[in-house]
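Colleague: With the UniProt record's numbering, the residue at position 189 of the sequence shown is 189, and numbering never jumps.
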Amino acid sequence: MDSTVALYKQLKTEWTKSPINLKLCGTILDKLKVALAGMSYIPTGNTQANQQELLIARDVLEIGVEYSIATKNIPAFERYILQLKWFYYDYNTFIGESKNKYQLLGLNLLFLLSQNRVAEFHTELELLPADIIQTNAFIRHPLALEQYLMEGRYNKIFQAKGNVPAESYNFFIDILLQTVRNEIGACLESSYERISLQEAAKRLNLKTKEEVKQFGEKKGWKLNPDGFYHFVNELAKPKEPIPSQELAEQAIMYARELEMIV
1 MDSTVALYKQ LKTEWTKSPI NLKLCGTILD KLKVALAGMS YIPTGNTQAN
51 QQELLIARDV LEIGVEYSIA TKNIPAFERY ILQLKWFYYD YNTFIGESKN
101 KYQLLGLNLL FLLSQNRVAE FHTELELLPA DIIQTNAFIR HPLALEQYLM
151 EGRYNKIFQA KGNVPAESYN FFIDILLQTV RNEIGACLES SYERISLQEA
201 AKRLNLKTKE EVKQFGEKKG WKLNPDGFYH FVNELAKPKE PIPSQELAEQ
251 AIMYARELEM IV
């Protein structure tokens, strides 16, 4: 236990430094995961973890969440959050509520939204008390974004980039914005025969021509010399008309079949 506590203190110290040595923190986290696993830090019905072990484990997992955001490791983020929920929901009365609880649960809601996992988003939301949903800034933020998405108020989502409750939220906001831009891009393709580069920048909420060009290249758009993107909307193409003679022959055939039935 003493060696685990020493590693934990080292991690806490390194994590508060500026700039953070992510490589060193990752190494310490790996060692702590092994050490805590040996102490049964993940609660189960067959183990009796003491309060100190649980508190250390929770702190380590919370740092792990932040570390996974800093290193842009989404699978690791999911694993840390999954384990943390045991401490937030099942061991809450035993070890007390973490000051980071709603910040990280809100971050998880934003993650689910950025991945378009709306059903899971609502499942997680239902686990939270009504007063927290209504008043907590960390929860209200992803909830408002989900509402904007449902209403198609994409401008509000773009504005949210500069108004996050915690710095770590920006990682999933950026992913969500890219998803929204792809959706807008698909709408432009189906709604317009052509659109100017300037107008595309406005619709996509991109600041420079280069950003629009990069987006267009990823979508397979071609910028013509006239400064317009030209789209070929397959759905808008008129279908080949059915010859009137063919329609008449079909009508006669159906009439004969009806007579035979009668």
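Ideal Cβ positions, reconstructed from N, Cα and C, are used throughout, including at glycine.
Check whether the segment 24 to 33 touches the segment 82 to 92, taking contact to mean three or more Cβ pairs, one atom from each stretch, closer than 8 Å.
Modeller: These segments do not touch.
Colleague: What does the Cβ neighbour count give for VAL118, buried or exposed, with the cut at 16 atoms within 10 Å?
Modeller: What you label residue 118 is simply residue 118 of the sequence shown in a count that begins at 1. Under this definition VAL118 is an exposed residue.
Colleague: Less than 9 Å separating the beta-carbons of LEU61 and PHE87?
Modeller: The residue labelled residue 61 in the question sits at position 61 within the sequence shown. The residue labelled residue 87 in the question sits at position 87 within the sequence shown. Yes.
Colleague: Closer than 8 Å is the cut-off here; do at least three beta carbon pairs connect the segment 214 to 233 with the segment 179 to 198?
Modeller: Because the criterion of three Cβ pairs below 8 Å is met, the segment 214 to 233 and the segment 179 to 198 touch.
Colleague: Let's see if you can read the secondary structure: which residues bound the beta strand (DSSP E) around ARG194?
Modeller: Residue mapping note: residue 194 aligns to position 194 of the sequence shown, counting from 1. Segment 194 to 196, the beta strand (DSSP E) holding ARG194.
Colleague: Exposed or buried, VAL180, counting other C-beta atoms within 10 Å across all chains shown (16 or more means buried)?
Modeller: Here residue 180 is taken as the residue at index 180 of the sequence shown, counted from 1. The residue is buried, with at least 16 neighbouring Cβ atoms inside 10 Å.
Colleague: So, with DSSP's three-state summary, where would you put TYR229?
Modeller: One-based indexing of the sequence shown puts residue 229 at position 229. Strand, per DSSP.
Colleague: Tell me, to the nearest whole angstrom, how far the beta carbon of LYS72 is from that of PHE171; I am working on the premise that it is less than 8 Å.
Modeller: As a working mapping, residue 72 is identified with position 72 in the sequence shown. As a working mapping, residue 171 is identified with position 171 in the sequence shown. Correct: roughly 7 Å between the Cβ atoms.
Colleague: Which residue wins for smallest C-alpha separation from TYR169, given the options GLN198, GLY185, LYS207, SER68?
Modeller: Numbered from its first residue, the sequence shown carries residue 169 at position 169. Of the candidates GLN198, GLY185, LYS207, SER68, the one whose C-alpha sits nearest the C-alpha of TYR169 is SER68.
Colleague: Looking at the unbroken alpha helix (DSSP H) that takes in SER191, where does it start and where does it end?
Modeller: Here residue 191 corresponds to residue number 191 of the sequence shown, with the count starting at 1. From DSSP, the alpha helix (DSSP H) with SER191 extends over 169 to 191.
Colleague: Look up LEU223 in the DSSP assignment and say whether it is helix, strand or coil.
Modeller: Position 223 of the sequence shown, counting from 1, holds the residue named residue 223. Correct three-state label for LEU223: strand.
Colleague: Nearest to ILE139 by CA position, among LYS156, LEU125, THR4, GLY64, is which residue?
Modeller: Numbered from 1 along the sequence shown, position 139 holds the residue referred to as residue 139. Of the listed residues, the one whose Cα sits closest to ILE139 is LEU125.
Colleague: Does the Cβ-Cβ distance between THR4 and LEU36 come in under 9 Å?
Modeller: In the sequence shown, the residue the question calls residue 4 occupies position 4. In the sequence shown, the residue the question calls residue 36 occupies position 36. Yes, Cβ-Cβ distance for THR4 and LEU36 is below 9 Å.
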